[in-house]
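Q:
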Amino acid sequence: MGKASNPEDQDHKARSAALRLLARREHSRLELALKLKQRKIESDVIEQVLDDYETEGWLSDERFAEVYARQRMDLGYGPLRIQAELQQRGIQETPSCVREMNDTDWSDRATLLREKRFGLSDIRDDWDEKARQARFLARRGFSSEHVENALEQRL
7 MGKASNPEDQ DHKARSAALR LLARREHSRL ELALKLKQRK IESDVIEQVL
57 DDYETEGWLS DERFAEVYAR QRMDLGYGPL RIQAELQQRG IQETPSCVRE
107 MNDTDWSDRA TLLREKRFGL SDIRDDWDEK ARQARFLARR GFSSEHVENA
157 LEQRL
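161 is the number that the working numbering gives the last residue of the sequence shown; the numbers go up by one with no jumps.
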């Protein structure tokens, strides 16, 4: 029969694993909990460790959301995609860097992305190309209004 699991061993294993993961990058509470569960750590131990790390300030969903959203914005993603990805990671609140952007700012970002990817040629009469570029921007998480504004821009 296998060795009985010692609660202190579980606690030490959870704390050290969580600390190693947080040293590499920010994680949401949900992400960290899932990664610790994969390591066969008991749920009550995980919750206690994550509570302690939040109290210490080592784990913060707000900080994670802000860092994650800024990285995704820098990579050319729009607000819809960023918000969806954050929700998948257990974050329901919109980070301040996303909230501070208005529709004009997002339309400008969509236009820059379009220019970088396709150029700003006149595509008013080319429905196939217009649809292709619109699909690309929509997949990147821009709203239909942002996409329309970006597609209207030309050199």
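Think of the CB as a built atom: it goes at the ideal place given N, C-alpha and C, for glycine as much as any other residue.
Source: prediction; values computed, not measured.
Count the other CB atoms, across all protein chains shown, that sit within 10 Å of the CB of Trp133; report buried if there are 16 or more and exposed otherwise.
A: It is exposed - the Cβ of Trp133 has fewer than 16 other Cβ atoms within 10 Å.
Q: Excluding five sequence neighbours on each side, which residues of the same chain lie with their C-beta closer than 7 Å to the C-beta of Ala20?
A: If we look at Ala20 and ignore the five residues flanking it on each side, its Cβ neighbours are Leu42, Ile47, Val51, Ile52 and Val55.
Q: Answer yes if the stretch 147–159 comes into contact with the stretch 84–93, meaning at least three C-beta pairs across the two stretches below 8 Å, and no otherwise.
A: Touching, yes, given that three or more Cβ pairs across the two stretches are closer than 8 Å.
Q: Am I right that Val104 and Ile88 are in contact with their C-beta atoms under 8 Å? What's the rounded C-beta distance?
A: Yes, Val104 and Ile88 are in contact; Cβ-Cβ is about 6 Å, under 8 Å.
Q: Beta carbon of Ala144, beta carbon of Arg120: below 7 Å?
A: Cβ atoms of Ala144 and Arg120: not closer than 7 Å.
Q: Can you grab the Cα-Cα spacing for the pair Met79 / Glu91, in whole Å?
A: If I take the Cα positions, the gap works out to 12 Å.
Q: Return the first residue and the last residue of the alpha helix (DSSP H) that Glu48 is part of.
A: Neither: Glu48 is in no alpha helix (DSSP H) and is coded neither H nor E.
Q: How long is the line joining the alpha carbons of Ser22 and Glu60, rounded to whole angstroms?
A: Taking the straight line joining both Cα atoms gives about 15 Å.
Q: According to DSSP, is Glu99 helix, strand or coil?
A: Coil at Glu99, not helix or strand.
Q: Suppose the cutoff is 8 Å on Cβ atoms and the five residues either side in sequence are ignored; what does the same chain contact list for Gly8 look like?
A: With a pLDDT of 43 at Gly8, under the threshold of 50, the modelled position of that residue is not reliable, and the figure given next carries that caveat. Same-chain partners within the cutoff: there are none.
Q: For Phe148, name the three-state secondary structure that DSSP assigns.
A: Coil.
Q: Taking its Cβ as the centre, do 16 or more other Cβ atoms sit within 10 Å of Arg4, making it buried, or is it exposed?
A: In the structure as shown, the chain begins at 7 and stops at 161. Residue 4 is therefore absent and cannot be evaluated.
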